[in-house]
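Reviewing the structure listed below.
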Amino acid sequence: MSQPGFFEQVYAVVRRIPKGKVTSYGRIAHMLGHPRAARAVGYALNALKDRENDPAYHHIPWHRVINSQGRISIVNREHTALEQAELLRAEGIAVSEDLQIDLNQYLWEGLHWAEIDNILNGRFS
DNA sequence: ACAGTGACAACAT
DNA sequence: TATGTTGCCACTG
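Residues in the first sequence are numbered from -9 upward in steps of one, following the working numbering.
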């Protein structure tokens, strides 16, 4: 368990993305009050692979986070990107061959202010 | 303390 | 539309 910080807030948001919906790195950053911290959000999800042995970080639906263009980010992680596509398809999301997703159909509306407030104040699971 | 790193995003060609 | 460039920022050794 690490100290509460931005990463933990990111995980708290990602846990609440409903099955069958997606959002972007940038939108998560906006929700947390750091509108330009999109890269840090990606960095937080990347860090999950180093925490595989910690049950607290299991079941975080990281695959429901894609880029602002509605596409799975594949830079330097082609294999993982394909895995992400399969996970999304498994929950009913249409992913094209070039890893594109229709945001008009699958974009998550996001959290309400009260839920954001809870997360920002450390009141999250 | 500080420079390097990325699963981004906005802009400029 | 498709690349290339630049700004960003939390975290790390």
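C-beta: ideal position from N, C-alpha, C; glycine also.
All of these numbers come straight from a predicted model, not from anything done at the bench.
Taking the CA atoms as reference points, I64 sits about 30 Å from F114. Looking at the DSSP output, T13 shares a beta bridge with V55. Beta-bridge pairing by DSSP links R61 to Q90. The Cβ neighbour count for H48, taken over all protein chains shown within 10 Å, is under 16; the residue is labelled exposed.
With respect to the 8 Å criterion, I7 and P51 are classified as neighbours on the basis of their beta carbons. In the DSSP assignment, V3 falls within the unbroken alpha helix (DSSP H) covering F(-4) to V4. The distance from the Cβ of T13 to that of G82 is about 16 Å, inconsistent with a contact at the 8 Å cut-off. Counting along the chain, E81 sits inside no alpha helix (DSSP H), nor does DSSP assign it H or E at all. Shown here, L97 sits in a strand according to DSSP, grouped into three states.
In the same chain as H24, and ignoring 5 residues on each side of it, the C-beta atoms closer than 8 Å to its own belong to F(-4) and A30, in chain order. In this structure, DSSP gives G32 a helical state, which the three-state scheme calls helix.
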